[in-house]
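Remarks on the structure that follows.
Residue numbers (the working numbering): 347 to 756.
This is the structure we're talking about:
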């Protein structure tokens, strides 16, 4: 089967971390025996912008967009990067979120002809569109031109909940839902919401996955300065939903009882000042380490070296980092409203705490830090579950089945 994936959040040569889960999923689908190509709509900027200093998140983003090539091969998955004449940054983003038609209609008029020619040359049997607002809309337009069936997948539970207060955005989703063959959510809560809102008999849950941790990373010993530490690791964007300041505050509450414990955090973003304030308030400059953005292999290495993985963001859909921590054999500390709770059991694979609950989060961290045998037992159970049910290969097989039904027209 020839599958075309539409994914705006997809790795680019200048930023191989963005949307890496979409690449890993595409590679899993390819290993399942399918011809997989990707179109990642990328904002247009003059090439001269690639020579500007890449300071701050906006500078890095502008440079990344301007330097993006027309195509790139990712270990057998070819990605094409046609230009999209809109920018999801700055004050206009709120307007585009409320009224997608302001962006979609004029942008489609610009890209229609070259995009149709590219899709025609790829001749897919089915399209898989990540996120309804842009890629689902484009897939619906391609279907109107060429009759190519498509399936959407959404990853943002809060965004779906917000449709109730945004009637124009909801109408935009509804038009895509009416045209697609199926909709997919990455958690049961998302699938239930999609079903309630749009398509009662055409919704599937497809949890994210992880590949095995490479053996050379498993074999590498911790650096000397980490050898005698109990390491908590968090990985995620620094924005309010991730609750990283709360995680630091919870660690501060138990740090004195566990003098060998440290917290290492990979990521960056708008909430960094809040995280830094909590580090300073707790006197944790030598106990909490902000590692910034890191290459995927570095993330996996940190997961091998850590003793437990903690990410207590609210309404987490089903973050790939949980699966990767499980693949490394680590117990999880998660918020109880996240999609990961579809597949793990509290007390068996890790601990679940109410979202935003500081005392419960502190107690969960304290339990993990105090009980080495419990950590190892839950980590082994988490790894066994991931290896049996939550791999990208298993995801690829399941996704292929959904797309095959779409391509077959049933």
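Ideal Cβ positions, reconstructed from N, Cα and C, are used throughout, including at glycine.
8 Å Cβ cutoff met for residue 658 and residue 707: On the chain shown, position 312 is the one that residue 658 refers to. On the chain shown, position 361 is the one that residue 707 refers to. A contact, by the Cβ cut-off of 8 Å.
Cβ shell of residue 512 (< 7 Å), same chain only, five flanking positions each side left out: To locate residue 512, count along the chain shown from 1; it is residue 166. In chain order, 444 place their CB closer than 7 Å to the CB of residue 512, counting only its own chain and leaving out the 5 sequence neighbours on each side.
DSSP state of residue 727 mapped onto helix, strand, coil: As a position in the chain shown, residue 727 is number 381, starting the count at 1. Of the three classes helix, strand and coil, the one that applies to residue 727 here is helix, per DSSP.
Extent of the continuous alpha helix (DSSP H) to which residue 499 belongs: The count along the chain shown starts at 1 and reaches residue 499 at position 153. Per DSSP, residue 499 belongs to no alpha helix (DSSP H); it is in the beta strand (DSSP E), 496 to 500.
DSSP-derived helix/strand/coil call for residue 686: Within the chain shown, numbered from 1, the residue matching residue 686 stands at position 340. Residue 686: helix per DSSP, three-state reduction.
Cβ-based burial, residue 547 [other Cβ within 10 Å; buried from 16]: For this step, residue 547 is matched to residue 201 along the chain shown. Classification for residue 547: exposed.
Contact check, residue 455 vs residue 489, beta carbons under 8 Å: Residue mapping note: residue 455 aligns to position 109 of the chain shown, counting from 1. Residue mapping note: residue 489 aligns to position 143 of the chain shown, counting from 1. In this structure, residue 489 does not lie closer than 8 Å to residue 455 by Cβ.
Residue 674 versus residue 651 - alpha carbon distance: For the purposes of this step, residue 674 is taken as residue 328 along the chain shown, with counting starting at 1. For the purposes of this step, residue 651 is taken as residue 305 along the chain shown, with counting starting at 1. When rounded, the distance between both Cα atoms is 9 Å.
Endpoints, beta strand (DSSP E) assigned at residue 655: Taking the first residue of the chain shown as position 1, residue 655 is located at position 309. Its beta strand (DSSP E) spans residues 654 to 657.
Sufficient close CB pairs (3 or more, under 8 Å) joining the stretch 478 to 485 to the stretch 359 to 367: Cβ pair count under 8 Å is below three, so no.
The alpha helix (DSSP H) enclosing residue 747, as first and last residue numbers: Working through the chain shown from its first residue, we reach residue 747 at position 401. 738 to 754 is the extent of the alpha helix (DSSP H) around residue 747.
Nearest to residue 715 (by Cα), restricted to the options 629, 600, 616: What you label residue 715 is simply residue 369 of the chain shown in a count that begins at 1. Distances from the alpha-carbon of residue 715 to those of 629, 600, 616 put 600 closest.
Helix, strand or coil at residue 367 [DSSP, three-state]: Numbered from its first residue, the chain shown carries residue 367 at position 21. Three-state DSSP puts residue 367 in a helix.
Cβ pair residue 457, residue 430 closer than 8 Å: Along the chain shown, one-based indexing puts residue 457 at 111. Along the chain shown, one-based indexing puts residue 430 at 84. For the pair residue 457 and residue 430, the CB atoms are nearer than the 8 Å cut-off.
Proximal residues to residue 607 (C-beta, below 6 Å), its chain only, five neighbours per side dropped: Here residue 607 refers to the residue found at position 261 of the chain shown. 576, 715.
Boundaries of the beta strand (DSSP E) in which residue 698 is found, first to last residue: On the chain shown, residue 698 is found 352 positions in, with the first residue counted as 1. Taken as a continuous stretch (DSSP letters only), the beta strand (DSSP E) holding residue 698 covers 696 to 699.
Residue range of the beta strand (DSSP E) that includes residue 611: Working through the chain shown from its first residue, we reach residue 611 at position 265. Here the beta strand (DSSP E) through residue 611 covers 607 to 612.
Pair within 8 Å by beta-carbon distance, residue 596 and residue 468: On the chain shown, residue 596 is found 250 positions in, with the first residue counted as 1. On the chain shown, residue 468 is found 122 positions in, with the first residue counted as 1. Judged by their CB atoms, residue 596 and residue 468 are not nearer to each other than the 8 Å cut-off.
Spatial distance of residue 647 from residue 641 (CA atoms): Here the question's residue 647 lines up with position 301 in the chain shown. Here the question's residue 641 lines up with position 295 in the chain shown. Residue 647 and residue 641: Cα-Cα distance of roughly 10 Å.
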